[in-house]
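Numbering (our numbering), first residue to last: 555 to 747.
Notes follow the structure.
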Amino acid sequence: EDAAGGEGRPAVALAHPASFGRVERQALLDAAELAGLDVLGTIHDPLAIALAFAETQGYLEPGAQKPAARAMVFDLGGGKLDVVIVEIKTTGLRTRATGGDARLGGRDWDALLADHLAGEFAKQFGQDPRHDVASVRRLLDIAEEAKHTLSVRQQARVRVDRGGHVADVAVTRQAFERMTAELVERARIATEE
């Protein structure tokens, strides 16, 4: 028996990026229907994150006696930053403020690192490895992987190859933080606003 009281198909609530418009939400609902899901509703990602936090803190337990709290959800996705302030009570959640930057996302960090890697390759071999779309895609992929490595390590070693040439580039977390400092500042300003 599913959450909606019927039998057979699982019932779910779907989370989606806050930037989704009506068309994208409808496409998500259509895909869920094709997958055989009964959709109870949709909510944007920052609200889903706040609900998950409220659940882990016991606010959603029946009879919970907890003081109201405010939380900030900082959702830096691939292409967009969403910042939401929510008030959490045992009776529910209320959005108090929303903001962000529609032109700032994790891909911006990837792109800066990819440009750095391309520059290092060009210094060694006199060629720009961003010669075609496939090369740019590979550079962005290895930059994203290096970014993730730098989240847990102080240094990442990256192999950039093109046209039979291979550059082994070391990137430190400190250097990455320096090259992306302007992006962090943009995120800070959007959050304060």
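Built from N, CA and C at the ideal position, the CB exists for glycine as well.
Residues of the same chain with a CB within less than 8 angstroms of the CB of Ile603, apart from the 5 flanking positions on each side, are Val627, Asp629 in chain order.
Leu693 is positioned such that its CB atom lies closer than 8 angstroms to that of Ala668. Around the beta carbon of His670, 16 or more other beta carbons sit within 10 angstroms, so the residue counts as buried. Inside the segment 583-637, DSSP marks whole alpha helix (DSSP H) runs of 4 or more residues at positions 599-610, from first to last along the chain. Around the C-beta of Val714, 16 or more other C-beta atoms lie within 10 Å, and the residue is accordingly described as buried. The bridge partners DSSP lists for Leu568 are Thr596.
Cβ-Cβ distances below 6 angstroms link Ala567 to Leu594, Gly595 in the same chain, with the five nearest sequence neighbours on each side left out; the list follows chain order. The alpha-carbon of His719 is positioned some 28 angstroms away from that of Ser705. Arg661 sits in a helix when the DSSP states are folded into three classes. With contacts defined by Cβ atoms closer than 8 angstroms, Leu605 and Leu666 do not form a contacting pair. A Cβ-Cβ contact shorter than 8 angstroms links Arg716 with Pro683. Sequence-distant Cβ neighbours of Leu583 in its own chain, meaning closer than 8 angstroms and more than five residues away, are Leu568, Val593, Thr596. Spatial neighbours of Phe730 in its own chain (CB-CB distance under 7 angstroms, excluding positions within 5 residues in sequence) are listed in chain order as Leu667, Leu704. Residue pairing by DSSP puts Lys643 in a beta bridge opposite Gly646. Rounded to whole angstroms, the separation of the alpha carbons of Glu698 and Leu658 is 15 angstroms. Restricting attention to Lys643, Leu635, Gln681, the CA atom closest to the CA of Arg661 is found in Leu635. For Thr726, the enclosing beta strand (DSSP E) starts and ends at 719-726.
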